[in-house]
Amino acid sequence: MLRAETIVDETNRGRAAKLGDLNMNGDSPALHPFPEGWYFVANRADLGNGNLIHKTWLGEEIVAWCDEQGRVCVADAVCPHLGSSLAPEVGSRVCEGRLICPFHGFAYDTTGRCVATPYALPPKSARLNVYATREIEGMVFGWWGIRGRSPQWELPESPQLGSARGHPSHEGSPQLGSARGHPAHEKSRWTGLRFHTLRFRGHPQETTENSVDMAHLRYVHGYESVSREGDITIDGAYLRSAFKFKTRVGAGGLLNTAFDVSAVAHIFGLGYSQVDFQEHSTGYRSRLWILSTPIDGTSVAMTIGSQVGGMERPKGVGFGLRLLPLSVRLNLRHLRCSESH
Ligand code: FES
Ligand SMILES: [Fe+2]
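Residue numbering for the sequence shown follows our numbering, starting at 19 and increasing by one per position.
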């Protein structure tokens with residue numbers, strides 16, 4: 019499994035010590051709070067119309083917005099002029115696709131370059147510290163690199179491919195999530211995505227390891243007859259794990275039907291997990307994204323995206339969420355009550 023310790027450097031270790039030891043048993047080195055990788059920032063739907071997002075992300079205050087051409091920028095929320103916060107809470111705003119600092123009115127485009135000031139030519143040296151971004155199904159990810167280095171590996175181009183950009187799909191194993199398993203003409207048969215976010219004390223290493231922990235599927239998720247399908251494969255930062263199980267679906271205690279489900283988890287680093295499910299008797303497909311993002315070194319924000327497909331008239335995301343652990347489902351219950359279909 020991808021260990022956090024393998025993708026951090028010594029520079030960050032001092033910071034880890036300051037941020038606290040996440041190790042619970044005291045026997046092994048603490049997990050580094052901010053492993054290198056791609057981490058969820060925001061949904062594109064929340065970035066339009068001049069909206070400026072501000073959040074704590076891997077220990078940094080960041081802002082995100084997009085311009086009128088749809089170009090997204092994720093940047094440190096610090097103005098390079100004299101260090102003002104660029105958070106909307108202190109008056110920063112997006113105007114005609116540019117981020118305007120509330121202190122002296124410098125304007126930044128989505129490349130991070132200062133393109134205007136109210137009283138002088140924009141200084142060339144005024145440039146935001148920006149993060150590389152990628153987008154999948156409207157989910158925007160930012161790259162967190164050691165010493166700010168550029169991306170070392172890629173996310174998949176689309177969930178249908180199920181393998182990294184430039185990485186071959188894995189032959190000889192179940193094809194859920196592969197190009198062959200989801201031909202392009204089926205894409206339109208998937209529902210839109212629904213999102214929920216949970217925050218809790220933890221680390222993305224812990225949430226990601228669930229994809230290879232077959233034993234917990236029986237006791238945490240309540241699946242029956244769990245077995246692995248093929249070997250776990252690892253290709254750089256990409257890990258693929260396939261398994262099958264039976265799950266029971268009841269309604270008001272009247273029905274109790276067992277369904278045969280195959281699942282494939284596509285893991286890209288510690289911030290991106292995509293799990294594709296297929297129920298064999300109905301053709302029902304469900305897809306979950308489990309996106310764990312370190313907030314401040316002690317807590318993670320786990321954003322869960324879900325969609326269903328594979329049937330002529332998919333009804334909703336209920337089956338997909340049923341594949342989550344009971345504790346997570348209970349936390350989500352109040353959110354689901356407010357959903358409209
Ligand atoms: S500190 Fe932002 S424009 Fe001066
Ligand atoms: Fe799990």
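Even for Gly, the Cβ is constructed at its ideal location relative to N, Cα and C.
**Message:** Give me the pocket residues for ligand 1, defined as CB within less than 5 angstroms of any heavy atom, sorted by chain position.
**Reply:** Cys97, His99, Leu100, Ser102, Cys119, Phe121, His122, Phe124
**Prompt:** Name the DSSP bridge partner or partners of valine 230?
**Reply:** Counting from one through the sequence shown, the residue named residue 230 turns up at place 212. Per DSSP, none; premise fails for valine 230.
**Request:** Would you decide whether glutamine 296 is buried or exposed? Buried here means 16 or more other CB atoms lie within 10 Å of its CB.
**Result:** As a working mapping, residue 296 is identified with position 278 in the sequence shown. Glutamine 296 is buried by the Cβ-count criterion.
**Asked** Residue range of the beta strand (DSSP E) that tyrosine 57 falls in?
**Response** Position 39 of the sequence shown, counting from 1, holds the residue named residue 57. Run containing tyrosine 57: 55-61, per the beta strand (DSSP E) assignment.
**Request:** Indicate, with yes or no, if ligand 2 has a heavy atom lying under 7 angstroms from the CB of valine 238.
**Result:** Along the sequence shown, one-based indexing puts residue 238 at 220. Yes; taking the cut-off as 7 angstroms, the Cβ of valine 238 has a heavy atom of ligand 2 nearer than that.
**Message:** Following a CB-centred definition, is asparagine 228 positioned closer than 7 angstroms to any heavy atom of ligand 2?
**Reply:** For the purposes of this step, residue 228 is taken as the residue at position 210 of the sequence shown. Yes - ligand 2 has a heavy atom lying nearer than 7 angstroms to the Cβ of asparagine 228.
**Prompt:** With DSSP run on the structure shown, which of helix, strand or coil describes tryptophan 171?
**Reply:** On the sequence shown, residue 171 is found 153 positions in, with the first residue counted as 1. Tryptophan 171: coil per DSSP, three-state reduction.
**Item:** Cβ pair threonine 209, glutamine 292 closer than 8 angstroms
**Value:** Working through the sequence shown from its first residue, we reach residue 209 at position 191. Working through the sequence shown from its first residue, we reach residue 292 at position 274. Their beta carbons are not under 8 angstroms apart, which means threonine 209 does not touch glutamine 292 by this criterion.
**Message:** Tell me the rounded alpha-carbon separation between glutamate 189 and leucine 257.
**Reply:** Taking the sequence shown and counting its residues from 1, one reaches residue 189 at position 171. Taking the sequence shown and counting its residues from 1, one reaches residue 257 at position 239. Unreliable placement is indicated for glutamate 189, whose pLDDT of 33 sits below 50; no coordinate value is reported for it.
**Request:** Go ahead and label alanine 11 buried or exposed: buried means 16 or more other beta carbons lie within 10 angstroms of its beta carbon, across all protein chains shown.
**Result:** It is not possible to answer for residue 11, since the shown part of the chain is limited to 19 through 359.
**Prompt:** Quick one: does the C-beta of histidine 234 sit closer than 7 angstroms to a heavy atom of ligand 2?
**Reply:** Counted from its first residue, the sequence shown places residue 234 at position 216. Correct: histidine 234 has its Cβ closer than 7 angstroms to ligand 2.
**Message:** Here's the rule: buried if 16 or more other CB atoms are within 10 angstroms of the residue's CB, otherwise exposed. What is lysine 371?
**Reply:** Residue 371 is absent from the model: the chain starts at 19 and stops at 359.
**phenylalanine 159: first and last residue of the uninterrupted beta strand (DSSP E) it sits in** = As a position in the sequence shown, residue 159 is number 141, starting the count at 1. Run containing phenylalanine 159: 157-162, per the beta strand (DSSP E) assignment.
**Prompt:** For the putative contact between tyrosine 149 and alanine 93, defined by C-beta atoms under 8 angstroms, what is the C-beta separation to the nearest angstrom?
**Reply:** Along the sequence shown, read from residue 1 onward, the residue named residue 149 stands at position 131. Along the sequence shown, read from residue 1 onward, the residue named residue 93 stands at position 75. With a Cβ gap of about 7 angstroms, tyrosine 149 and alanine 93 count as contacting.
**Buried or exposed (CB count within 10 angstroms, at least 16 for buried), proline 174** = Position 156 of the sequence shown holds residue 174. When all chains shown are included, proline 174 counts as buried.
**Message:** Measuring only the C-alpha atoms, how far is glutamine 170 from glutamate 54?
**Reply:** Walking along the sequence shown from the start, residue 170 turns up at place 152. Walking along the sequence shown from the start, residue 54 turns up at place 36. Whole-angstrom Cα-Cα distance: 9 angstroms.
**Asked** Does the Cβ-Cβ distance between alanine 95 and glutamate 79 come in under 8 angstroms?
**Response** Stepping through the sequence shown from its first residue, residue 95 is reached at position 77. Stepping through the sequence shown from its first residue, residue 79 is reached at position 61. Yes; because the gap between Cβ atoms is below 8 angstroms, this pair is in contact.
**Message:** Tell me the DSSP secondary structure of leucine 49 in three-state form.
**Reply:** By 1-based counting over the sequence shown, the position of residue 49 is 31. In this structure, leucine 49 counts as coil in the three-state DSSP scheme.
**Best match in Leu104, Ala63, Ser102 for proximity to glycine 88 [C-alpha to C-alpha]** = Counting from 1 along the sequence shown, the entry for residue 88 is found at position 70. Per the Cα distances, Ala63.
**Asked** Given 8 angstroms as the limit, is there contact between the stretch 132-141 and the stretch 104-122, that is, 3 or more CB pairs closer than that?
**Response** yes
**Asked** According to DSSP, is proline 177 helix, strand or coil?
**Response** In the sequence shown, counting from the first residue as 1, residue 177 sits at position 159. Note: proline 177 maps to coil in three-state DSSP.
**Asked** Do three or more CB pairs link the stretch 300-310 to the stretch 69-85 at distances below 8 angstroms?
**Response** no
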